[in-house]
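Numbering (the working numbering), first residue to last: 2 to 187.
For reference, the structure discussed in these notes is given below.
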């Protein structure tokens, strides 16, 4: 066993301490953690809004200059890739919203169609990560998602015998003559 002289140990310790100080000087300053505020208070809501606005402005500042052109196929490829990422995370509801409509590219706008207002609002509330993903993958920060709602006619469900009779009478008015001829009840 070799014994190391104390002077050598002191020199090594001084070098280590100098390195530690150098690393600490290069670290970014610690951010003062904000006092935890309830999200239900007005102050908490303002704080949350400030944080999200700050994040949005940082994203815009980073990507202001990126506006590379992209094709419909590129957009659909990255759209489907994001669906797979969400499935891996277990976000099945958002995946189903993304599958409801095939994205159509119009310039830098991605057009989507949803069957009702509720699914449109749910999608809009949770699509910020999707937009960020598409902007970075397609290298274009002008991308916007435009959503339209297509309300479809939903037929009235017929339950009772009277409703069935009225429905058949609308389809074929001679059924009333048939009912009266044979003195049938409804």
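Every residue, glycine too, gets a C-beta built ideally from N, C-alpha and C.
Nothing here was measured: the structure is a model prediction, and the numbers come from that model.
Residue from the options whose Cα sits closest to the Cα of residue i
i           : options            : result
residue 136 : 181, 80, 44, 157   : 80
residue 72  : 125, 173, 106, 102 : 106
residue 70  : 93, 104, 109       : 109
Same chain only: Cβ atoms within 7 Å of residue i, ignoring 5 sequence neighbours per side
i           : result
residue 83  : 131, 134
residue 165 : 159
Cβ-Cβ separation, residue j to residue i (assumed contact under 8 Å), whole Å
i           : j           : result
residue 76  : residue 111 : 6 Å
residue 141 : residue 68  : 5 Å
residue 129 : residue 115 : Not a contact, Cβ separation roughly 17 Å.
residue 148 : residue 113 : 5 Å
residue 167 : residue 177 : Not quite, the Cβ-Cβ distance comes to about 10 Å (not below 8 Å), so this is no contact.
residue 146 : residue 163 : Contact doesn't hold; Cβ gap of about 47 Å is too wide.
Residue i classed as buried or exposed, judged by whether at least 16 other C-beta atoms fall within 10 angstroms
i           : result
residue 87  : buried
residue 144 : buried
residue 183 : exposed
residue 62  : Low confidence applies to residue 62: its pLDDT is 48, below 50, so where it sits in the model is not reliable, and the reading given next is rough at best. The residue in question, residue 62, is exposed, as its Cβ has fewer than 16 Cβ neighbours within 10 Å.
residue 179 : exposed
residue 46  : exposed
residue 139 : buried
**Asked** So, do the stretch 117-130 and the stretch 88-99 have three or more beta carbon pairs nearer to each other than 8 Å?
**Response** yes
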